[in-house]
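Here the structure is laid out as structure tokens; the discussion comes afterwards.
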Amino acid sequence: MIIGVPKEIKKEEYRVAMTPSGVYSLTQAGHRVIIETKAGLGSGISDDDYVAAGAEIVPTADEVFEKADMIVKVKEPQEVEIPKLRENQVLFTYLHLAADKKLTEKLLERKIIGIAYETVELDDGSLPLLIPMSEVAGRMAPQEGAKYLEKPQKGLGVLLGGIPGVPPAEVVIIGGGTVGTNAAFIAAGMGADVTVLDLNPVRLRYLAEIMPANVKTLISTPYNVKEALKKADLVIGAVLIHGRKAPKIITREMLKEMKDGAVIVDVAIDQGGIAETSKPTTHSEPIFVEEGVVHYCVANMPGAVPRTSTYGLTNSTLPYVLELANKGWKQAVKENKALWRGVNVFKGYLVYKGIAEDFNMPYTPLEEVIDQ
Ligand SMILES: NC(=O)c1ccc[n+]([C@@H]2O[C@H](COP(=O)([O-])OP(=O)(O)OC[C@H]3O[C@@H](n4cnc5c(N)ncnc54)[C@H](O)[C@@H]3O)[C@@H](O)[C@H]2O)c1
3 MIIGVPKEIK KEEYRVAMTP SGVYSLTQAG HRVIIETKAG LGSGISDDDY
53 VAAGAEIVPT ADEVFEKADM IVKVKEPQEV EIPKLRENQV LFTYLHLAAD
103 KKLTEKLLER KIIGIAYETV ELDDGSLPLL IPMSEVAGRM APQEGAKYLE
153 KPQKGLGVLL GGIPGVPPAE VVIIGGGTVG TNAAFIAAGM GADVTVLDLN
203 PVRLRYLAEI MPANVKTLIS TPYNVKEALK KADLVIGAVL IHGRKAPKII
253 TREMLKEMKD GAVIVDVAID QGGIAETSKP TTHSEPIFVE EGVVHYCVAN
303 MPGAVPRTST YGLTNSTLPY VLELANKGWK QAVKENKALW RGVNVFKGYL
353 VYKGIAEDFN MPYTPLEEVI DQ
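Here is the structure:
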């Protein structure tokens with residue numbers, strides 16, 4: 003198979019979808035890997051590093067899209083990339099369609115086979131290709147929150163860890179999955195008073211066992227969220243309902259009762275965000291203020307630490323890329339249920355039920371069309 007890796011062009015995105023190690027595994031297995039020049043520079047990988055591992059470097063993204071049977075990327079296709087996608091081409095990347103109806107419609111028009119990293123799901127319900135980036139974003143969230151709590155950054159002017167004689171900040175984390183757990187560890191390590199809310203009592207029991215003493219757990223009900231927000235200095239949005247738009251748990255009314263200068267880091271923004279007031283921002287303009295509350299809503303947080311994120315991501319994606327290449331996409335998808343669940347759009351059909359329901363669009367089960 004010919005595997006193509008274009009340079010990421012989303013604003014402030016420095017990750018790349020493949021490392022030299024991935025190139026080596028693929029070329030050793032008899033595949034061709036075509037990489038756009040300078041695609042790895044943001045992650046500290048030169049064209050020469052790729053060539054040494056067996057890749058071919060091409061000067062433009064056009065060439066990558068023209069030649070490849072499968073495009074492997076990091077972020078969803080950007081406006082200028084969409085027309086380059088070819089009918090029946092496999093696109094393996096984060097798609098986050100639940101947050102973007104227009105993109106869903108455009109990818110359906112292109113008649114591609116779109117497999118979304120974030121919906122590749124194991125039998126136990128875990129999301130192996132979301133986990134590494136959720137680990138990164140979760141660990142970054144208190145770091146970013148601490149920064150924007152500083153007065154010159156429009157925040158409340160509170161030091162996350164406090165000092166002896168002055169209490170630390172109150173950090174409220176809504177959602178205790180991968181993002182929430184990683185955020186809680188870091189916030190607790192920085193000395194904050196942390197509360198994690200989740201709907202799932204089993205998860206809360208687990209967190210209560212493994213977390214340090216300055217992390218409390220609280221069942222997530224609208225009342226508990228509302229009360230926790232009133233006391234919060236920093237709120238971290240870390241909810242996920244697989245493949246669906248994030249529920250709007252924080253209303254504008256609730257913001258009015260929060261402290262002026264409190265900060266929300268809405269990590270769930272890539273699925274639409276958990277605050278009614280959240281809208282996506284970028285690393286160059288990461289925040290805005292609504293109802294006196296600073297909102298940090300960067301949809302590609304791991305893009306800021308590419309030398310960690312690229313390796314974390316590709317450690318997890320490579321086995322799937324290899325399986326798709328070695329078996330061919332159809333056999334791989336049929337044999338591996340996790341990949342099957344990853345297929346969102348298929349040759350013009352919307353085959354992911356949650357997205358179809360969210361957008362009120364026609365849903366076609368993959369089994370009805372896969373052999374077309
Ligand atoms: N902005 C970024 O750069 C970035 C990076 C990585 C992940 N994310 C996003 O972060 C979000 C969280 O990802 P994750 O990997 O932690 O997901 P996860 O599935 O591991 O955890 C989600 C948690 O939310 C809980 N939950 C569901 N409804 C809830 C509610 N009403 N109240 C409280 N908790 C609730 C679930 O029980 C689960 O424990 C996702 O939207 C993901 O796409 C964003």
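Residue 3 is where the sequence shown starts when you use my numbering, and the numbers rise one by one after that. By construction, the Cβ of each residue, glycine as well, lies at the ideal position given by its N, Cα and C atoms. Owing to the predicted nature of the structure, the values given are computational and were not obtained by experimental measurement.
Option in the options with minimal Cα separation from residue i
{"i": "Asp-64", "options": "Glu-78, Ala-54, Ile-84, Ile-47", "result": "Ile-84"}
{"i": "Leu-93", "options": "Tyr-119, Lys-104, Arg-207", "result": "Tyr-119"}
{"i": "Lys-153", "options": "Val-295, Lys-336, Leu-326", "result": "Val-295"}
{"i": "Lys-156", "options": "Lys-355, Ile-266, Leu-320", "result": "Ile-266"}
{"i": "Ile-5", "options": "Pro-288, Val-60, Val-66", "result": "Val-66"}
{"i": "Asp-50", "options": "Thr-21, Gly-32, Asp-373", "result": "Thr-21"}
{"i": "Ile-114", "options": "Leu-352, Glu-359, Lys-329, Phe-361", "result": "Leu-352"}
{"i": "His-297", "options": "Asp-262, Ala-358, Gly-330", "result": "Asp-262"}
{"i": "Leu-105", "options": "Glu-78, Asn-90, Gly-127", "result": "Glu-78"}
{"i": "Leu-199", "options": "Phe-187, Lys-336, Glu-211, Lys-218", "result": "Lys-218"}
{"i": "Ile-243", "options": "Glu-292, Leu-257, Thr-180", "result": "Thr-180"}
{"i": "His-98", "options": "Leu-87, Ile-212, Ile-271, Ile-221", "result": "Ile-271"}
{"i": "Asn-317", "options": "Glu-10, Met-3, Ala-19, Lys-149", "result": "Ala-19"}
{"i": "Ile-37", "options": "Arg-17, Tyr-96, Val-7", "result": "Val-7"}
{"i": "Val-241", "options": "Asn-216, Lys-355, Ala-185, Val-345", "result": "Ala-185"}
{"i": "Pro-364", "options": "Arg-141, Met-142, Lys-355, Val-371", "result": "Lys-355"}
{"i": "Pro-308", "options": "Ile-47, Leu-28, Gln-30, Thr-29", "result": "Ile-47"}
{"i": "Gly-127", "options": "Thr-29, Ser-45, Gly-245, Arg-112", "result": "Gly-245"}
{"i": "Ser-45", "options": "Ala-54, Thr-29, Gly-56, Tyr-16", "result": "Tyr-16"}
{"i": "Ala-148", "options": "Gly-191, Thr-366, Glu-58", "result": "Gly-191"}
{"i": "Phe-361", "options": "Leu-87, Thr-39, Glu-107", "result": "Glu-107"}
{"i": "Ala-301", "options": "Thr-283, Val-291, Gln-30, Gly-42", "result": "Thr-283"}
{"i": "Ile-221", "options": "Lys-69, Glu-211, Leu-201", "result": "Leu-201"}
{"i": "Ala-377", "options": "Leu-315, Met-3, Gly-275, Glu-89", "result": "Absent from the structure is residue 377, since the part of the chain shown begins at 3 and ends at 374."}
Beta-bridge partners of residue i, as assigned by DSSP
{"i": "Met-72", "result": "Ile-5, Val-92"}
{"i": "Thr-197", "result": "Val-174, Lys-218"}
{"i": "Ile-251", "result": "None, per the DSSP bridge assignment."}
{"i": "His-322", "result": "In the sequence as displayed, the identity of residue 322 is Tyr instead of His. Bridge partners of Tyr-322: none, in fact."}
{"i": "Thr-283", "result": "Val-300"}
{"i": "Val-345", "result": "Ile-117"}
{"i": "Glu-58", "result": "Ile-36"}
Simplified DSSP state of residue i, which is helix, strand or coil
{"i": "Tyr-298", "result": "strand"}
{"i": "Asp-49", "result": "helix"}
{"i": "Lys-218", "result": "strand"}
{"i": "Asp-64", "result": "helix"}
{"i": "Thr-34", "result": "The sequence shown places Arg at residue 34, not Thr. Arg-34 falls in the strand class under three-state DSSP."}
{"i": "Gly-356", "result": "helix"}
{"i": "Asn-328", "result": "helix"}
{"i": "Gly-375", "result": "Beyond the ends of the chain as shown, which are 3 and 374, falls residue 375; an answer cannot be given."}
{"i": "Asp-272", "result": "helix"}
{"i": "Gly-350", "result": "coil"}
{"i": "Glu-120", "result": "helix"}
{"i": "Glu-292", "result": "strand"}
{"i": "Leu-236", "result": "strand"}
{"i": "Glu-14", "result": "coil"}
{"i": "Glu-278", "result": "coil"}
{"i": "Ile-165", "result": "strand"}
Whether residue i touches residue j by CB criterion (8 angstroms)
{"i": "Gly-163", "j": "Pro-170", "result": "yes"}
{"i": "Gln-273", "j": "Ala-306", "result": "no"}
{"i": "Val-160", "j": "Tyr-322", "result": "no"}
{"i": "Ala-189", "j": "Pro-144", "result": "yes"}
{"i": "Ile-175", "j": "Val-196", "result": "yes"}
{"i": "Leu-158", "j": "Asp-102", "result": "no"}
{"i": "Ala-139", "j": "Val-173", "result": "no"}
{"i": "Ser-311", "j": "Met-135", "result": "yes"}
{"i": "Ala-277", "j": "Gly-239", "result": "yes"}
{"i": "Lys-232", "j": "Met-260", "result": "yes"}
{"i": "Val-406", "j": "Tyr-52", "result": "Residue 406 is absent from the model: the chain starts at 3 and stops at 374."}
{"i": "Val-76", "j": "Glu-10", "result": "yes"}
{"i": "Met-303", "j": "Val-269", "result": "yes"}
{"i": "Ile-117", "j": "Leu-320", "result": "no"}
{"i": "Ile-372", "j": "Lys-339", "result": "no"}
{"i": "Arg-254", "j": "Glu-293", "result": "yes"}
{"i": "Phe-348", "j": "Leu-324", "result": "no"}
{"i": "Pro-61", "j": "Thr-39", "result": "yes"}
Closer than 8 angstroms to chain D by CB, residue i
{"i": "His-33", "result": "The displayed structure is made up of one protein chain only, and chain D is not part of it."}
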